[in-house]
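Asks: Below is the structure I would like to discuss, written out as structure tokens.
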Amino acid sequence: MELLFHQAIQNPSKIAIKVQEKSFTYSQLIQNAKSVAALLLNGKADLNEARVAFMINPGFDYVAVQWGIWMAGGVAVPLCITYPFPSIQYVIEDTQAELIVTAKEYEELLKVYSEDPTKRFIRFSDDSLEEMQGDLPSISYERGAMILYTSGTTSLPKGVLTTHGTIEAQIRTLIKAWKWTAQDHTICLLPLHHVHGIINVVSCALWAGATVEFVHPFDARTVFETILSGQVTVFMAVPTIYFKLISYFESESDLRKTAITESLNKLRLMVSGSAALPVSVMEKWKEISGHYLLERYGMTEIGMAISNPYNGERKAGYIGQPLADVEVRLVDENNQEVKKGEPGEIQVKGPSVFKEYWGKNEATQKAFTSDGWFMTGDIAVIEDGYFRILGRDSVDIIKSGGYKISALEIEEVLRKHPEIQDCGVVGIPDEEWGELVAAALISAQDLESKELNTWLRERMPAYKTPRRYLFLNELPRNAMGKVVKNELKKLFIETPQ
Ligand code: MLC
Ligand code: AMP
Numbered sequence: 147m148e149l150l151f152h153q154a155i156q157n158p159s160k161i162a163i164k165v166q167e168k169s170f171t172y173s174q175l176i177q178n179a180k181s182v183a184a185l186l187l188n189g190k191a192d193l194n195e196a197r198v199a200f201m202i203n204p205g206f207d208y209v210a211v212q213w214g215i216w217m218a219g220g221v222a223v224p225l226c227i228t229y230p231f232p233s234i235q236y237v238i239e240d241t242q243a244e245l246i247v248t249a250k251e252y253e254e255l256l257k258v259y260s261e262d263p264t265k266r267f268i269r270f271s272d273d274s275l276e277e278m279q280g281d282l283p284s285i286s287y288e289r290g291a292m293i294l295y296t297s298g299t300t301s302l303p304k305g306v307l308t309t310h311g312t313i314e315a316q317i318r319t320l321i322k323a324w325k326w327t328a329q330d331h332t333i334c335l336l337p338l339h340h341v342h343g344i345i346n347v348v349s350c351a352l353w354a355g356a357t358v359e360f361v362h363p364f365d366a367r368t369v370f371e372t373i374l375s376g377q378v379t380v381f382m383a384v385p386t387i388y389f390k391l392i393s394y395f396e397s398e399s400d401l402r403k404t405a406i407t408e409s410l411n412k413l414r415l416m417v418s419g420s421a422a423l424p425v426s427v428m429e430k431w432k433e434i435s436g437h438y439l440l441e442r443y444g445m446t447e448i449g450m451a452i453s454n455p456y457n458g459e460r461k462a463g464y465i466g467q468p469l470a471d472v473e474v475r476l477v478d479e480n481n482q483e484v485k486k487g488e489p490g491e492i493q494v495k496g497p498s499v500f501k502e503y504w505g506k507n508e509a510t511q512k513a514f515t516s517d518g519w520f521m522t523g524d525i526a527v528i529e530d531g532y533f534r535i536l537g538r539d540s541v542d543i544i545k546s547g548g549y550k551i552s553a554l555e556i557e558e559v560l561r562k563h564p565e566i567q568d569c570g571v572v573g574i575p576d577e578e579w580g581e582l583v584a585a586a587l588i589s590a591q592d593l594e595s596k597e598l599n600t601w602l603r604e605r606m607p608a609y610k611t612p613r614r615y616l617f618l619n620e621l622p623r624n625a626m627g628k629v630v631k632n633e634l635k636k637l638f639i640e641t642p643q
């Protein structure tokens, strides 16, 4: 990852990170990252890919710790700061993290690990950092760098292991495609345990020697205030965020609207991704900001693969064309390339594709064809040279607010509720969230959804909790006894709330 630090070393006095009124230079970032590396190494020469789980709020310390882990030769495992303990525990246990780094705010949540003799528990505070003495290990491209968790067609989330080489390829592609430079200034409002926030926004900006301004948690007013300050050049978000920004904009006075529009006009690039961008949102945003949003397509396992052009026509409803150095093909059920104009599964090959699902050999094997193409499960068609997403091959994957959610994972948890005999979870279309998680329940008695939500939120992140419930006497099943999810979706859509 030396190239990631290269610009930073070249421009030591430049502002790397801004958090509210505080600014941090690249020199401070490099220095703190090296001190974190020293702290983690604790006298060792190399962490040799030990997993280091860390729970820190987005901002300067977060990046310093992540860079420190990479410098010390560890594998970074970011922990989502809004997860309840069982979800955190799953990640720590699944990665067999040997080191746990926590900010003060999360010490209490993670305290069982402070008593675990197999783990090193580090209470992070930059006061405790000491200057790095000696050399840092030299890290080859093939070595593991990061594990991000993604939900899929299995009930348990899978850890996606990327190497230093993978991450570098993912960043390089985007630097070139979207023309990042050291003059850029971007806002980071996305969570950092997913590629959109950590690769597309933070790592690309820092690779280019630009400034990242953290606005966390997301709040539309603060986003507009930050843009009104006049420094922002690049902005990236999921469609739900654009939807929320539009709603907020519409509630503003005419005077404020004019000021916001003028400052948005000055940005050089606005990107949308992680979920389908509704054409209505794209058109409304064009009216407000003067920008045709650049829509692109990616996945935790592959980084970004397909993008509308930086220069050239950005087509509403389309994800664009394959990015440089990313091979993309559309295939039928037999892995044969489809004829021109026919729909097929998107498969991807290239240096930005992940190495493996951590500890899950079988799942890794199943995810690739025998000749090394990663099977995304997304179905698309090419029209006039632009890819258009048609859907997914699995009804059990839900995208809500840009988060990928497994219906099976939610069903597993729901089935543990003492009153629930059976259940079926689906995603139903929603303008704001893309899809909403909806659960059909068979229970001895109707449950209070408020109580059920409280019970669920102790066991899973808020964004996975169902937003609609339907109490049924039986679930729609086919002749094989399998729940017919499309029937269930219809039931939700047809049943008034
Ligand atoms: C939260 N709420 C939801 C919800 N999530 N309601 C319906 N569906 C959901 N999915 C509810 C909360 O319970 C709460 O209600 C209210 O909305 C506000 O909650 P919040 O947590 O404060 O929401 P907010 O901060 O507004 O979050 C919205 C968001 C967030 C869009 C900022 O969802 C987000 O950060 N999404 C981005 C995810 C992301 O980075 N994905 C990229 C994956 S990588 P109440 O009633 O409880 O108060 C990838 C690859 C690629 O996909 O291509 O990029
Ligand atoms: P994740 O596993 O969270 O990385 O989510 C990746 C998935 O998000 C992809 O497999 C797609 O289904 C979806 N996705 C990402 N970008 C887009 C987009 N622009 N349009 C539609 N779906 C998208």
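Count the sequence shown with this note's numbering and you get residues 147 to 643, in order. The beta-carbon is built from N, C-alpha and C at its ideal position, and this holds for glycine as well. If you're wondering where the values come from, they're calculated on a predicted model, not measured in any experiment.
Between the beta-carbon of Tyr464 and the beta-carbon of Glu441, is there less than 9 Å?
Replies: One-based indexing of the sequence shown puts residue 464 at position 318. One-based indexing of the sequence shown puts residue 441 at position 295. Result yes, Cβ atoms of Tyr464 and Glu441 sit closer than 9 Å.
Asks: Who are the Cβ neighbours of Val629 in its own chain at under 8 Å, not counting the five residues just before and after it?
Replies: For the purposes of this step, residue 629 is taken as the residue at position 483 of the sequence shown. If we look at Val629 and ignore the five residues flanking it on each side, its Cβ neighbours are Gly570, Leu621, Pro622 and Arg623.
Asks: Any heavy atom of the ligand AMP within a distance shorter than 8 Å of the CB on Tyr456?
Replies: By one-based count along the sequence shown, residue 456 stands at place 310. Between the ligand AMP and Tyr456, a heavy atom-to-CB distance of less than 8 Å is absent.
Asks: Please identify the residue among Ala383, Gly355, Trp353 and Ser426 whose C-alpha is closest to the C-alpha of Ala366.
Replies: If you number the sequence shown from 1, residue 366 lands on position 220. The residue among Ala383, Gly355, Trp353 and Ser426 with its C-alpha nearest the C-alpha of Ala366 is Ala383.
Asks: What are the residues that DSSP puts in a beta bridge with Ser169?
Replies: Translated into positions along the sequence shown, residue 169 becomes position 23. Ser169 is bridged by DSSP to Lys164.
Asks: For Val427, does the three-state DSSP call read helix, strand or coil?
Replies: For the purposes of this step, residue 427 is taken as residue 281 along the sequence shown, with counting starting at 1. Helix at Val427.
Asks: Just to confirm the assignment: which complete beta strand (DSSP E) runs, minimum length 3, are found wholly within the segment 343-381?
Replies: If only uninterrupted beta strand (DSSP E) runs of at least 3 residues are considered, those enclosed by the segment 343-381 are 357-360.
Asks: Just mark Asp524 as buried or exposed, buried being the case when its beta carbon has 16 or more other beta carbons within 10 Å.
Replies: Walking along the sequence shown from the start, residue 524 turns up at place 378. When all chains shown are included, Asp524 counts as buried.
Asks: For Thr296, name the three-state secondary structure that DSSP assigns.
Replies: Position 150 of the sequence shown holds residue 296. In the structure shown, Thr296 falls within a strand segment according to DSSP collapsed to helix, strand and coil.
Asks: With C-beta atoms as the reference, is Ala460 less than 9 Å away from Leu439?
Replies: To locate residue 460, count along the sequence shown from 1; it is residue 314. To locate residue 439, count along the sequence shown from 1; it is residue 293. According to the sequence as given, residue 460 is Arg; it is not Ala. Yes; because the gap between Cβ atoms is below 9 Å, this pair is in contact.
Asks: Please confirm whether Leu644 and Ile238 have their CB atoms less than 9 Å apart.
Replies: Because residue 644 is not part of the residues shown, which for the chain are 147 to 643, the question remains open.
Asks: On the premise that Thr308 lies in contact with Glu288, defined as a C-beta separation below 8 Å, what is that separation, rounded to the nearest angstrom?
Replies: Here residue 288 refers to the residue found at position 142 when the sequence shown is read from its first residue. Here residue 308 refers to the residue found at position 162 when the sequence shown is read from its first residue. With a Cβ gap of about 11 Å, Glu288 and Thr308 do not count as contacting.
Asks: Between which two residues does the alpha helix (DSSP H) containing Lys636 stretch?
Replies: Residue mapping note: residue 636 aligns to position 490 of the sequence shown, counting from 1. Judged by DSSP secondary structure, Lys636 falls within the alpha helix (DSSP H) whose first and last residues are Lys631 to Glu640.
Asks: Quick one: grab the DSSP three-state call for Ser540.
Replies: In the sequence shown, counting from the first residue as 1, residue 540 sits at position 394. Coil, per DSSP.
Asks: Take Leu469 as the anchor and find which of Phe533, Pro642 and Ser349 has the nearest alpha-carbon.
Replies: The residue you call residue 469 lines up with position 323 of the sequence shown. Of the candidates Phe533, Pro642 and Ser349, the one whose C-alpha sits nearest the C-alpha of Leu469 is Phe533.
Asks: Touching or not, the segment 170-183 and the segment 260-279, by the rule of three or more beta carbon pairs under 8 Å?
Replies: yes
Asks: Considering only DSSP beta bridges, list what Thr446 is partnered with.
Replies: As a position in the sequence shown, residue 446 is number 300, starting the count at 1. BP columns for Thr446 are empty, so no partner.
Asks: The alpha helix (DSSP H) spanning Asp568 covers which residue range?
Replies: Here residue 568 refers to the residue found at position 422 when the sequence shown is read from its first residue. Asp568 -> not in any alpha helix (DSSP H); beta strand (DSSP E) instead, spanning Ile566 to Asp576.
Asks: What does DSSP give as the partner residue(s) for Leu245 in the beta ladder?
Replies: Walking along the sequence shown from the start, residue 245 turns up at place 99. Bridge partners of Leu245: Val198 and Arg266.
Asks: Is it right to say Leu352 is buried, meaning 16 or more other beta carbons lie within 10 angstroms of its own, or is it exposed?
Replies: Residue numbering aside, residue 352 sits at position 206 when the sequence shown is read from its first letter. Answer is buried; the Cβ neighbour count reaches 16.
Asks: Take Lys232 and list the residues in its own chain whose beta-carbon comes closer than 8 Å to its own, dropping the five residues that flank it on each side.
Replies: Walking along the sequence shown from the start, residue 232 turns up at place 86. Note on residue identity: the sequence assigns Pro, not Lys, to residue 232. Excluding residues within five positions, the ones whose Cβ falls inside 8 Å are Glu604, Arg605 and Met606.
Asks: Grab the span of the alpha helix (DSSP H) containing Glu649 for me, first residue to last.
Replies: Any answer about residue 649 is impossible in this case: the structure gives the chain only from 147 up to 643.
Asks: Among Thr228, Val223 and Pro230, whose alpha-carbon lies nearest the alpha-carbon of Asp240?
Replies: Residue mapping note: residue 240 aligns to position 94 of the sequence shown, counting from 1. For Asp240, the nearest C-alpha among the options comes from Val223.
Asks: Say the cut is 8 Å; is the CB of Thr241 nearer than that to a heavy atom of the ligand AMP?
Replies: To locate residue 241, count along the sequence shown from 1; it is residue 95. Checking the Cβ of Thr241 against the ligand AMP gives no.
Asks: So for Thr308, helix, strand or coil by DSSP?
Replies: By one-based count along the sequence shown, residue 308 stands at place 162. Note: Thr308 maps to strand in three-state DSSP.
Asks: Please state whether the Cβ-Cβ distance between Phe206 and Gln174 is less than 9 Å.
Replies: By 1-based counting over the sequence shown, the position of residue 206 is 60. By 1-based counting over the sequence shown, the position of residue 174 is 28. The answer is yes: Cβ separation under 9 Å.
Asks: So for Asp281, helix, strand or coil by DSSP?
Replies: Locating residue 281 in the sequence shown gives position 135, counting from the first residue. Coil, per DSSP.
Asks: Does any CB atom of chain D fall closer than 9 Å to the CB of Glu459?
Replies: Absent from the structure is chain D; it holds one protein chain and no more.
Asks: Please work out which residues of its chain come closer than 6 Å, Cβ to Cβ, to Pro128, disregarding the five sequence neighbours upstream and downstream, and give them in chain order.
Replies: The shown model of the chain, from 147 to 643, leaves out residue 128, and the question about it has no answer.
Asks: Quick one: what's got a C-beta closer than 7 Å to Gly444's C-beta in the same chain, skipping five residues either side?
Replies: Counted from its first residue, the sequence shown places residue 444 at position 298. Once the five neighbours on either side are set aside, the close Cβ partners of Gly444 are Val341, Gly419, Met450 and Ala451.
Asks: What residue does the alpha helix (DSSP H) around Ala513 start on, and which one ends it?
Replies: Against the sequence shown, residue 513 aligns to sequence position 367. From DSSP, the alpha helix (DSSP H) with Ala513 extends over Asn507 to Ala513.
Asks: Take Ala584 as the anchor and find which of Asp592, Lys562 and Pro612 has the nearest alpha-carbon.
Replies: If you number the sequence shown from 1, residue 584 lands on position 438. That would be Pro612, whose Cα lies nearest to the Cα of Ala584.
Asks: For Ile588, I'd like the list of residues in its chain whose CB is within less than 8 Å of its CB, leaving aside the five on either flank, ordered along the chain.
Replies: Along the sequence shown, one-based indexing puts residue 588 at 442. Answer for Ile588: Ile566, Gln567, Asp568, Cys569, Phe617, Leu618, Asn619, Glu620 and Leu621, listed in chain order.
Asks: Within a Cβ cutoff of 8 Å, which residues of the same chain sit near Thr407, ignoring the five residues on either side of it in sequence?
Replies: Here residue 407 refers to the residue found at position 261 of the sequence shown. Correct list, in chain order: Ile434, Ser435 and Gly436.
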